[in-house]
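In terms of my numbering, the sequence shown is residues 5 to 238.
Report on one structure; see the data block that follows.
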Amino acid sequence: MSNKLTRRMFLGTVGATAAAAATANDVSAASDKKPSEKILIAGVSCSPRKGKTTATAVKAALDAAEQVDPRIEIEMIDLGGLEIAGWSGGAKPDKSQQINDDFKPILTTLRNPSLGGLIIGSPVYFRTMSALCKVFLERCAVLRKPELLLADKPVGALAVGSFRNGGQELAIEHIQTVMLCHEMMIVGGKPKAHQGATLWNFANDDITKDELGMDTARKLGIRVAEAAIRLDEK
Ligand SMILES: Cc1cc2nc3c(=O)[nH]c(=O)nc-3n(C[C@H](O)[C@H](O)[C@H](O)COP(=O)(O)O)c2cc1C
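This is the structure we're talking about:
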């Protein structure tokens, strides 16, 4: 981040009246920012089953994101098989960090200064996200303090269910609601995937057979990448 006053820092330090008066200066200062050389889009698959339908869909979204601009780099995080405990130890975020489980290396990616956007995918479990997804999101609470590290970055969500209308959109909405607590910018996909990517596992775990669903995954990836680039220029 440049040493210029960002809109977030600016609004945090002065009152609303002063902010309104100086908005023009603020915006012109921000527009001088040089584009980042590297913009990382991370994709998180929150199925306990490593490499299965959710992971395949998240990877498709990331691959599509990578095509948007040469500056985009992607990183896949498959939570399948990892041991991650839910939030515990009271209200202090640093307590959670002391848990010695598989979340620690994931934090490194999420704290990467190049991180420009996130794609979060979950299998639909009983019309909402998986427990693993919830646990992952709870542990991400450490990213809210001391400052909102994920704020103003785009996040897109994806859900895979074995029923056509199995609750994919509900699971997506639940993930999006959590990420609002990080002040992330919620994005959907390109046309026809406005809520996010919704996939239907009807062919014995070969999710590529759901061409329409895979298309929504790619459109989600493209939208997250495009938004990341636009926000990087601000
Ligand atoms: C406990 C459990 C609950 C599930 N509930 C739903 C559901 O409510 N709706 C649905 O469409 N599929 C449901 N499924 C099916 C999974 O969402 C589906 O098989 C998905 O493709 C699994 O993702 P994965 O291949 O990445 O593990 C459920 C599966 C499990 C194990």
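The beta carbon of each residue, even a glycine, is placed where N, CA and C say it ideally should be.
Review point. How long is the line joining the alpha carbons of residue 172 and residue 41, rounded to whole angstroms?
Key: Along the sequence shown, one-based indexing puts residue 172 at 168. Along the sequence shown, one-based indexing puts residue 41 at 37. So the two alpha carbons sit approximately 35 Å from each other.
Practice item. Could you name each continuous beta strand (DSSP E) segment of 3 residues or more that falls completely within the region 136-168, going from the start of the chain to the end? Key: 158-165
Check your understanding: Between the C-alpha atoms of residue 87 and residue 52, what's the straight-line distance to the nearest angstrom?
Key -> Taking the sequence shown and counting its residues from 1, one reaches residue 87 at position 83. Taking the sequence shown and counting its residues from 1, one reaches residue 52 at position 48. Straight-line Cα distance between these residues: approximately 10 Å.
Review point. Apart from the five residues on each side of it in sequence, which residues of its chain come closer than 8 Å, Cβ to Cβ, to residue 81?
Key: Here residue 81 is taken as the residue at index 77 of the sequence shown, counted from 1. Taken in chain order, the residues that qualify are 46, 47, 48, 49, 110, 113.
Review point. Among 130, 187, 192, 135, which one has its Cα closest to the Cα of residue 229?
Key: Looking up residue 229 in the sequence shown gives position 225. Nearest option by C-alpha distance: 192.
Point to revise | Meets three-Cβ-pair contact criterion under 8 Å: the region 71-78 and the region 145-155 | key: no
Review point. What does a CB cutoff of less than 7 Å around residue 132 pick up in its chain, not counting 5 residues either side in sequence?
Key: The sequence position of residue 132 within the sequence shown is 128, counting from 1. Contacts found: 171, 174, 175, 178.
Point to revise | Separation of residue 143 from residue 91, as counted between CA atoms | key: Translated into the one-based positions of the sequence shown, residue 91 becomes position 87. Translated into the one-based positions of the sequence shown, residue 143 becomes position 139. If you take the alpha carbons of residue 91 and residue 143, they lie about 6 Å apart.
Practice item. Give a yes or no on whether the C-beta atoms belonging to residue 165 and residue 205 are separated by under 8 Å. Key: In the sequence shown, residue 165 corresponds to position 161, counting from 1. In the sequence shown, residue 205 corresponds to position 201, counting from 1. Yes, they are a contact pair.
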